[in-house]
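Residue numbers (full-length UniProt numbering): 1 to 176. Ideal placement from N, C-alpha and C gives every residue a C-beta, glycine not left out. Comments concern the structure below.
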């Protein structure tokens, strides 16, 4: 039953998470935090931050890590397969139709209507991370990390992976 739950936890966001990894992250969070209770919001944010520092698609990295954490190597395999299965199935089944209608105005309009939904889901997730950070480490530490991260990435053009690693180091040294 555990492997079936791992499969569903990553297959469902893969089916409804139109737009790739960033669109499916809030859906994965809902499954692993709210539905199955495998991680807390704070633990999920740490997995997300760690996954963002590594190369490759975020959804498969998170599925592999969480699947391994819950069910060992087989759990990781099931999680990764569940993440890529919706795309694989749809690509095989609908490749001809998609190619035929790729320039259709209706398809383009549908894509434009989905983007605001993704933005709202990402905003909700950011708010939840901020709220958790505020209650766990306080407003001063939270604002400090936000301002420093913003300056490093926007003003000094430091790669986000290095900012995340630095934030993890800061947390390990000053917030543990």
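Residue i, buried or exposed, once every other Cβ within 10 Å from all chains shown has been counted against 16
i           : result
residue 31  : buried
residue 27  : buried
residue 47  : buried
residue 59  : buried
residue 104 : exposed
residue 80  : buried
residue 124 : exposed
residue 54  : exposed
residue 25  : buried
Beta-carbon spacing of residue i, residue j below 8 Å
i           : j           : result
residue 17  : residue 87  : no
residue 175 : residue 128 : no
residue 33  : residue 132 : no
residue 7   : residue 78  : yes
residue 75  : residue 3   : yes
residue 120 : residue 19  : no
residue 152 : residue 49  : no
Nearest to residue i (by Cα), restricted to the options the options
i           : options           : result
residue 165 : 149, 176, 156     : 149
residue 22  : 109, 62, 132, 95  : 62
residue 147 : 163, 8, 132       : 163
residue 136 : 29, 83, 43, 103   : 43
residue 66  : 117, 125, 5       : 5
residue 82  : 10, 145, 93       : 10
residue 38  : 108, 68, 125, 106 : 68
residue 36  : 19, 101, 70, 102  : 70
Within-8 Å CB hit, residue i to chain C
i          : result
residue 54 : The structure shown contains no chain C; it holds only a single protein chain.
- Task: Please specify which runs of the beta strand (DSSP E), each continuous and at least 3 residues long, are wholly inside the stretch 60 to 108, giving them in chain order.
- Result: none
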